[in-house]
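J.: The structure that follows is given in the form of structure tokens.
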Ligand SMILES: [Cu+2]
Ligand SMILES: [Cu+2]
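Chains as they are written, first to last, in the numbering used here: chain A, 36 to 297; chain B, 2 to 586.
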């Protein structure tokens, strides 16, 4: 190997090694929120935010490398009178070595890094998922252009007479895991609460599930993320996270209201 | 190798310019139709942007449209918005970009660059254009009647919620478009395999041809699948239920269809839809590799690696479609596989960048307008490609899926990279196709006035998307969490208007040069490939005698050559000298 290649190769490999090590350290430091992501009120949202930031960092470095080289070459090797380009096909063993090195760096530092982190995060979230028997369960049904929210009522069973049904308003307890069972009665919708980092399609004919735990009392917006017709943009719901007692009280009110309507 | 089947030069106007079987005329027909739809789709984008910036602001009524339609308060109804986003997407992808990068580049360049008289099947070629023409008429009709299920047309929405004939026409238009592309693909593959001039080995083919070849192969693999998928969708609208599950209630009415699977369509659609992105960008990668070599006066760096990596991407693109369905309740086993395969695409892509930068390195760079747009592609495709990683990573995708982040990502790859590729190709091959040069000064202004606002438009979308801004919504101001970001929508709209205005320069340059541009010589750029050995524009049958190819496509700046390029037919330097020269250093 010629010596003039050694320095760029060494610095390149060094830079990428730092690149592979730095983001985990940064993530471990607990960067909770950066300005480009919305406020996070869930216990699991940091998984998404951390990986987002790691991917952002890696891609930013790669992008910077490309653009710096691009601008440097264009300026440095712009046309000058009487000057000729170097005849270089880029197919000698040294070029093969560089290509393979680059491929390995991309494979390990970016691809496997991202895949691994994503798998670990999602496995952790899946592991902590609440037990459907004992958790606070809500059944959400999408319809053009409403969210139908169903609570099991006192018997804890869905599909019975004491079910409590509301539209576009969902109250959930703070500090408790909430399991949401999702389906649709017409077209595909998507149950989407950005501030809880939750998004799951509501697919007719099948049931999907998602869970979250809200960390503090707050009011959030529930939006539809999948195009479902002309009213897609206004398929908006409200999520109220409050104490367990407040949720129970609200549910009772809904029940009385429902009785009165009958 | 076989000769192109000879057909006599037609004498009537109709035979020569309308129902022509000459690949050059057919290519130009695709180009003009594509440019027409590009302007139409671009205007739609501006209307969409206007709506997003001032959705309920009475002081900004939509110019012209609001008056024509008599809209209350000057703002469009949401149904119209739905038709617009559907049409903008499908028109831009299938009727603007596809005819330019595949229809025009493929038809125009394949015979000229491989040294053939015409395509292998000239009549099929003509048919391919006219089927495409019928498809585009259907598309315009769909626009008039209104179709509204997005360019992806997911059922049940595409089946139940849009009862107008517009949706039927839309599906028909896409199916016909598929048939046309299939005819083209058969022709491209056959021509490249069978009609290469003597000496034009696979290793000597220009990279543009390699890109077009892979595109055609990919088209052959995926178009039948989407055609079947669309056919079933059309049948579902007429009463069958391939995609409709039991017991749907639409508008308070129970459907009597049942027994189908909603997600089946998504699998069929994305089995085609993901490769479609590569179908469009492979020719552009070829063009980038080629134009960088021409204007750096240097061989295309790592030719073999580029060709192999294109092949790897073709293979990978067929097995990653599931990354579009992570939020549809996919089993972890499957989603992990799709995620891993998707991230692997970054490896061959990285090699492209290495080779493109390698071509520039120690070159003799001429910043002509086609070169500026080519360098622009390296920049915007870096952004477009790298942001793909956010969607590959399942945990991130679950959050950014169906937000403006995705919109920014695919606009950087399609609207920016492929569009720049189309523009660069037009600047570069215009003198060959029309015999006149385009204006260089206007071209350079066009580049900068396109490049800068374009970043404002599409980079802004990443920031909005990261904040959770949903795509395809007609009125973002309804959401409290988006309200602080509404000023971004206004900013993007201003940038989009500037971007749109800059294209007037291109239109003016194109039309002016067509009639009054400086006359072009045979080889105005000093390029090595075969199309530059024939007159501009080339006569019917292209070559006076079948050319004999003596060298590969990229002999720029050979040390012992008298000038800084050797055309593929030239034999001035003894064989083997170039190898010796390369080893001497
Ligand atoms: Cu919806
Ligand atoms: Cu894809």
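Backbone N, C-alpha and C define an ideal beta-carbon position, used for all residues, glycine too.
1) With a threshold of 8 Å between beta carbons, is residue 97 (chain A) in contact with chain B?
2) When you measure from the CB of residue 310 (chain B) to every non-hydrogen atom of ligand 1, does any distance come out below 7 Å?
3) Which residues share a DSSP beta bridge with residue 255 (chain B)?
4) Got a sec: which bits of the stretch 178-193 of chain A sit with their beta carbon under 8 Å from any beta carbon on chain B, in order along the chain?
5) Report the residue ranges of all alpha helix (DSSP H) runs contained in full by the stretch 83-169 of chain A; include only those spanning at least 4 residues, in chain order.
6) Does any residue of chain B have a CB that is nearer than 8 Å to the CB of residue 209 (chain A)?
7) Examine ligand 1 and report whether any of its heavy atoms sits within less than 7 Å of the Cβ of residue 270 (chain A).
8) Using C-beta distances below 6 Å, list every residue in its chain close to residue 571 (chain B), excluding the 5 sequence neighbours before and after it, in chain order.
9) What's the call for residue 139 (chain A), buried or exposed, on a 16-neighbour Cβ count within 10 Å?
10) The stretch 360-379 of chain B: which residues have C-beta closer than 9 Å to a C-beta of chain A, in chain order?
11) Using the three-state DSSP reduction, which class does residue 259 (chain A) fall into: helix, strand or coil?
12) How long is the line joining the alpha carbons of residue 17 (chain B) and residue 518 (chain B), rounded to whole angstroms?
13) Taking 8 Å as the cut-off, decide whether the C-beta atoms of residue 175 (chain B) and residue 146 (chain B) are in contact.
14) List, in chain order, every chain B residue whose beta-carbon is nearer than 7 Å to that of residue 154 (chain A).
15) List, in order along the chain, the chain A residues whose C-beta lies closer than 9 Å to that of residue 118 (chain B)?
16) Leaving out five residues on either side along the sequence, give the residues of the same chain with a beta carbon under 6 Å from the beta carbon of residue 222 (chain A).
17) Thinking C-beta only, is residue 271 (chain A) closer than 8 Å to residue 281 (chain A)?
18) May I ask you to report which of helix, strand or coil DSSP gives residue 557 (chain B)?
19) Determine which residues share a DSSP beta bridge with residue 445 (chain B) and list them.
20) Taking 8 Å as the CB-CB limit, is residue 270 (chain B) close to chain A?
21) Measuring CB to CB, does residue 160 (chain B) end up less than 8 Å from residue 234 (chain B)?
22) In three-state terms, what does DSSP make of residue 568 (chain B)?
23) Quick one: list the residues of chain B neighbouring residue 120 (chain A), beta-carbon separation under 8 Å, in chain order.
24) Pull up the distance between the alpha-carbon of residue 5 (chain B) and that of residue 165 (chain B), whole angstroms please.
25) Closest to residue 377 (chain B) by CA distance: which of B:405, B:345, B:364 and B:414 is it?
26) Which of the three DSSP states is assigned to residue 243 (chain B) in this structure?
27) What residue range does the alpha helix (DSSP H) around residue 381 (chain B) cover?
28) Leaving out the 5 sequence neighbours to the left and right, which residues in its chain are closer than 8 Å to residue 325 (chain B) when beta-carbon positions are compared?
29) How far does the alpha helix (DSSP H) with residue 185 (chain B) in it extend, from its first residue to its last?
30) Within 8 Å (strictly less), CB to CB, does residue 130 (chain A) reach chain B?
31) Does any residue of chain A bring its CB to less than 8 Å from the CB of residue 59 (chain B)?
32) Closer than 7 Å between beta carbons: that is the criterion. Which residues of the stretch 470-483 of chain B meet it against chain A?
33) Considering only their Cβ atoms, is the gap separating residue 163 (chain B) from residue 291 (chain B) smaller than 8 Å?
34) Is the separation between the beta-carbon of residue 393 (chain B) and that of residue 86 (chain A) shorter than 8 Å?
35) Measure how close the beta-carbons of residue 32 (chain B) and residue 105 (chain B) come, nearest whole angstrom, since I'm counting them as under 8 Å.
36) Skipping 5 residues on each side, what residues in its chain have a beta carbon closer than 8 Å to that of residue 68 (chain A)?
T.: Taking the coordinates as given:
1) In the first chain, counting from the first residue as 1, residue 97 (chain A) sits at position 62. Among the residues facing chain B, residue 97 (chain A) is included, as its CB has a counterpart in that chain under 8 Å away.
2) One-based indexing of the second chain puts residue 310 (chain B) at position 309. No.
3) Taking the first residue of the second chain as 1, we reach residue 255 (chain B) at position 254. Bridge partners of residue 255 (chain B) according to DSSP: B:250.
4) Within the stretch 178-193 of chain A, those residues whose Cβ lies closer than 8 Å to any Cβ of chain B are, in chain order, 178 and 179.
5) Here the runs fully enclosed are 128-140 and 148-162.
6) What you label residue 209 (chain A) is simply residue 174 of the first chain in a count that begins at 1. Not one chain B Cβ lies under 8 Å of residue 209 (chain A).
7) Reading the first chain from its first residue, position 235 is the one you call residue 270 (chain A). Checking every heavy atom of ligand 1 against the Cβ of residue 270 (chain A), one is found closer than 7 Å.
8) In the second chain, counting from the first residue as 1, residue 571 (chain B) sits at position 570. Nothing meets the Cβ criterion.
9) Numbered from 1 along the first chain, position 104 holds the residue referred to as residue 139 (chain A). Looking at its Cβ environment, which holds fewer than 16 other Cβ atoms inside 10 Å, residue 139 (chain A) is exposed.
10) Answer set for the stretch 360-379 of chain B: 360, 361, 362, 363, 364, 365, 366, 367, 368, 376 and 379.
11) By 1-based counting over the first chain, the position of residue 259 (chain A) is 224. Note: residue 259 (chain A) maps to strand in three-state DSSP.
12) Taking the first residue of the second chain as 1, we reach residue 17 (chain B) at position 16. Taking the first residue of the second chain as 1, we reach residue 518 (chain B) at position 517. Looking at the two C-alpha atoms, the distance is approximately 23 Å.
13) Here residue 175 (chain B) refers to the residue found at position 174 when the second chain is read from its first residue. Here residue 146 (chain B) refers to the residue found at position 145 when the second chain is read from its first residue. No, the Cβ-Cβ distance between residue 175 (chain B) and residue 146 (chain B) is not below 8 Å.
14) Residue 154 (chain A) sits at position 119 when you count from the first residue of the first chain. Correct list: 337.
15) In the second chain, counting from the first residue as 1, residue 118 (chain B) sits at position 117. By Cβ distance, chain A contributes nothing, its closest Cβ being about 31 Å from residue 118 (chain B), past 9 Å.
16) Counting from 1 along the first chain, the entry for residue 222 (chain A) is found at position 187. Only 263 meet the Cβ criterion.
17) Within the first chain, the letter at position 246 stands for residue 281 (chain A). Within the first chain, the letter at position 236 stands for residue 271 (chain A). In this structure, residue 271 (chain A) does not lie closer than 8 Å to residue 281 (chain A) by Cβ.
18) The sequence position of residue 557 (chain B) within the second chain is 556, counting from 1. Correct three-state label for residue 557 (chain B): strand.
19) Taking the first residue of the second chain as position 1, residue 445 (chain B) is located at position 444. According to the DSSP secondary-structure assignment, residue 445 (chain B) is paired through a beta bridge with no residue.
20) Here the question's residue 270 (chain B) lines up with position 269 in the second chain. False, the Cβ-Cβ gap to chain A never drops below 8 Å.
21) Numbered from its first residue, the second chain carries residue 160 (chain B) at position 159. Numbered from its first residue, the second chain carries residue 234 (chain B) at position 233. Contact: yes.
22) To locate residue 568 (chain B), count along the second chain from 1; it is residue 567. In this structure, residue 568 (chain B) counts as coil in the three-state DSSP scheme.
23) Counted from its first residue, the first chain places residue 120 (chain A) at position 85. Result: 297, 298, 299, 363, 364, 365, 557, 558 and 565.
24) Taking the first residue of the second chain as position 1, residue 5 (chain B) is located at position 4. Taking the first residue of the second chain as position 1, residue 165 (chain B) is located at position 164. Bear in mind that the predicted position of residue 5 (chain B) carries a pLDDT of just 44, short of 50, making it unreliable; the figure below should be weighed with that in mind. Approximately 46 Å, taken between the alpha carbons.
25) Looking up residue 377 (chain B) in the second chain gives position 376. Just measuring C-alpha positions, the residue of B:405, B:345, B:364 and B:414 sitting nearest residue 377 (chain B) is B:414.
26) Along the second chain, one-based indexing puts residue 243 (chain B) at 242. Residue 243 (chain B) falls in the coil class under three-state DSSP.
27) Your numbering for residue 381 (chain B) matches position 380 in the second chain. Per DSSP, residue 381 (chain B) belongs to the alpha helix (DSSP H) from 370-393.
28) On the second chain, position 324 is the one that residue 325 (chain B) refers to. The residues are 267, 271, 274 and 275.
29) As a working note, residue 185 (chain B) is residue 184 in the second chain. The continuous alpha helix (DSSP H) containing residue 185 (chain B) extends over residues 166-195.
30) The residue you call residue 130 (chain A) lines up with position 95 of the first chain. Chain B has a Cβ within less than 8 Å of the Cβ of residue 130 (chain A).
31) In the second chain, residue 59 (chain B) corresponds to position 58, counting from 1. Not closer than 8 Å to any Cβ of chain A, the Cβ of residue 59 (chain B) fails to qualify, so no.
32) Taking a C-beta cut-off of 7 Å against chain A, the contacting residues of the stretch 470-483 of chain B are 471, 473, 474, 475, 476, 479, 480, 481 and 482, listed in chain order.
33) Mapped onto the second chain, residue 291 (chain B) falls at position 290. Mapped onto the second chain, residue 163 (chain B) falls at position 162. 8 Å or more divides the Cβ of residue 291 (chain B) from the Cβ of residue 163 (chain B).
34) On the second chain, position 392 is the one that residue 393 (chain B) refers to. On the first chain, position 51 is the one that residue 86 (chain A) refers to. Not a contact, by the Cβ cut-off of 8 Å.
35) The residue given as residue 32 (chain B) occupies position 31 in the second chain. The residue given as residue 105 (chain B) occupies position 104 in the second chain. Right, their Cβ atoms sit about 4 Å apart.
36) Translated into the one-based positions of the first chain, residue 68 (chain A) becomes position 33. Low confidence applies to residue 68 (chain A): its pLDDT is 45, below 50, so where it sits in the model is not reliable, and the reading given next is rough at best. Correct list, in chain order: 74, 75 and 84.
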